[in-house]
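Everything below concerns the one structure shown next.
There are 2 protein chains.
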Amino acid sequence: MTENHSFKNDKNIPNHTIHRLSICNRCLELFIETEQGKTKKTISSTEISKITGINANQIRKDLAYFGEFGKRGIGYPIRDLHGTLKAILGSSRKWDIVLVGAGNLGKALVSYKGFQKRGFTIKGVFDNSRLKIGKRINGIEIYDIHSLRSFVKTNEIKVGIIAVPLKSAQKVANDMVAGGIKSILNFAPVTIKYPKGVKVNTIDISIELERLIYFLTANSKNSS
Amino acid sequence: MTENHSFKNDKNIPNHTIHRLSICNRCLELFIETEQGKTKKTISSTEISKITGINANQIRKDLAYFGEFGKRGIGYPIRDLHGTLKAILGSSRKWDIVLVGAGNLGKALVSYKGFQKRGFTIKGVFDNSRLKIGKRINGIEIYDIHSLRSFVKTNEIKVGIIAVPLKSAQKVANDMVAGGIKSILNFAPVTIKYPKGVKVNTIDISIELERLIYFLTANSKNSS
DNA sequence: GCAAATTTTTATATAATTTTTCAAAATATA
DNA sequence: TATATTTTGAAAAATTATATAAAAATTTGC
């Protein structure tokens with residue numbers, strides 16, 4: 000089962016390309032499990048476009064950054080493409096992560112089935128509340144936030160999720176970075192400062208809502 | 000207190016501009032509450048850049064789509080800018096929303112303080128579980144999913160959040176659209192199909208993680 | 001009170017990304 | 001075998017982002 004999916008990677012790949020390929024990867028995974036996907040051998044960019052909502056040309060261009068995987072007139076071999084995408088995205092590897100914040104959002108994240116399925120394992124949950132430390136959610140123990148840094152260091156964890164309130168988010172990020180974490184997914188509605196070599200991805204729910212609202216108001220305005 | 004923040008809106012505004020302005024808006028809000036922000040009258044694009052992490056040129060360019068709000072040598076008047084941003088983003092209005100899914104994520108969203116603060120009011124939470132219907136989370140009653148469509152229609156709600164598992168997400172979206180919802184924030188890890196005139200914004204947590212992972216692997220590769 | 005220096009915006013130019021268009025390759029069909 | 005159809009990959013055009021230069025307002029020094 001040791002598949003070898005090689006791809007070139009010379010150029011500077013746009014951020015958005017990775018996002019789109021990630022969506023393709025997920026949709027491909029879902030498709031493979033369907034009745035149709037089990038028998039089908041190849042898939043065209045137009046078909047991928049339909050299931051992802053991403054423009055077909057864009058998909059081809061994004062893939063072209065990494066090589067030529069399709070055949071003209073035919074499309075892309077489904078299994079191969081999935082393997083290549085996994086290799087590109089690094090999701091063929093297993094990734095250990097830590098989660099900080101055992102509130103409602105933290106709980107939601109721990110019980111999120113998508114993680115395990117896609118190779119992410121939550122190795123530890125951390126919180127500062129006496130009431131929560133020592134307890135378990137979904138079988139994973141909640142540790143004291145003060146042990147975060149050493150835990151990250153000894154377990155060589157590279158990925159962390161911040162699910163704490165605004166005010167403690169920066170402090171948590173600092174601890175993560177000090178422990179050696181390189182990638183942070185931040186749910187606190189605040190811009191995190193971080194050194195070079197670290198990547199932070201902030202998801203702010205009200206900003207996402209606000210973006211939607213803009214198009215709502217913009218559409219109702221120009222009713223031409 | 001009826002402020003009038005006018006701005007032009009002829010051009011086609013890039014999607015990302017709205018996202019960035021939304022981040023600026025939030026950071027400005029946070030800044031206004033700080034000691035420094037209370038006394039300061041103007042703010043430069045460089046200062047906004049520091050608190051948002053967004054390139055200063057980009058900020059000016061984004062604002063320039065809507066008019067000239069700053070003064071050379073001085074910067075932007077803080078309060079005015081905030082008012083203008085709110086007007087642009089539509090967040091000066093109040094928005095009623097519905098939330099579908101009363102699981103952990105739903106609970107986290109209901110108790111999320113950012114909503115109320117930014118003008119979003121959750122008018123109803125919906126679920127299909129007998130065990131949950133009729134109960135309350137954070138004082139908001141959980142209704143039967145079957146009443147979603149009529150609820151949305153009679154209350155003229157335009158914004159909905161999907162926090163249900165993958166399999167029911169499309170069905171929920173259909174009900175929302177049928178009831179007249181125009182903007183959907185989707186947390187289910189699936190691409191939602193929707194008619195023209197509706198806007199859907201999907202937040203997939205594992206895709207966001209996967210993007211981070213790419214840069215983790217890409218960085219370790221080209222250690223040149 | 002006026003000129004030079006500083007700050008910071010707006011305008012312009014360059015670079016990167018996305019979208020569109022087109023030619024080549026593989027297959028199916030007559 | 002020639003033609004039509006499908007679909008990729010590559011080139012061109014359009015859009016968007018970043019960097020640079022020019023203009024305006026203010027402050028500082030004389």
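Which chain is which? The protein sequence lines are A and B, in order. The end of the first sequence is residue 223 by numbering that gives the first Met the number 0, with every number in the run present. The end of the second sequence is residue 223 by numbering that gives the first Met the number 0, with every number in the run present. Cβ coordinates follow ideal geometry from the N, Cα and C atoms, glycine included.
With contacts defined by Cβ atoms closer than 8 Å, A/R135 and A/I144 do not form a contacting pair.
The alpha-carbon separation between A/S21 and A/G113 amounts to approximately 14 Å. Bridge partners of B/S44 according to DSSP: none are assigned. For B/T190, the closest alpha carbon among the candidates A/I17, A/K49, A/N127 is that of A/K49. For B/K93, no beta strand (DSSP E) segment is defined, and its DSSP state is neither H nor E.
Taking the CA atoms as reference points, B/A55 sits about 33 Å from A/A63. Taking 8 Å as the cut-off, the Cβ atoms of B/L184 and B/N200 count as close. Contact between the region 152-166 of chain B and the region 92-99 of chain B is present, with at least three C-beta pairs closer than 8 Å. Our two residues, B/G74 and B/L29, have alpha carbons roughly 18 Å apart in a direct line. Going by DSSP, A/D61 is part of the alpha helix (DSSP H) stretching over 55-63. Within chain A, I206, R210 have C-beta atoms less than 8 Å from the C-beta of B/H18, given in sequence order. Residue range 77-88 is occupied by the alpha helix (DSSP H) that includes A/L84. Within a 10 Å sphere around the beta-carbon of B/L165 sit fewer than 16 other beta-carbons, which makes this residue exposed.
Short of 8 Å from the beta carbon of A/N24, and not among the five residues preceding or following it, lie these beta carbons of its own chain, in chain order: H81, L84, K85, L88, S90.
Neighbourhood of A/D203 in chain B, by CB distance below 9 Å: S21, I22, R25, G113, in chain order. Looking at the DSSP output, B/F119 sits in a beta bridge with B/W94. Considering only beta carbons, the part of the region 89-103 of chain B lying closer than 9 Å to chain A consists of G89, S90, R92, W94, I96, G102, N103, in chain order.
Taking every protein chain shown into account, the CB of B/L215 has 16 or more other CB atoms within 10 angstroms, so this residue is buried. A straight line joining the alpha-carbon of B/E209 with that of A/H18 spans about 8 Å. Among the residues of the region 44-73 of chain B, those with a Cβ less than 8 Å away from any Cβ of chain A are I50, T51, G52, in the order of the chain. By the Cβ-count criterion, B/G133 is exposed, with fewer than 16 other Cβ atoms from all chains shown falling within 10 Å of its own Cβ.
For B/I22, the enclosing alpha helix (DSSP H) starts and ends at 14-32. Taking the C-beta atoms as reference points, A/S182 is found nearer than 8 Å to B/L211. Distance from the CA atom of B/I77 to the CA atom of B/I206, rounded to whole angstroms, is 36 Å.
Against chain B, a Cβ distance below 8 Å from A/L184 picks out I204, E207, L208, L211. Within 8 Å of the CB of B/L215, the CB atoms of chain A belong to G89, K157, V158, K181, S182, K198, in sequence order along the chain.
Here A/T33 is exposed. Its C-beta has fewer than 16 other C-beta atoms within 10 Å.
Taking CB atoms only, B/K122 has no neighbour in chain A less than 8 Å away.
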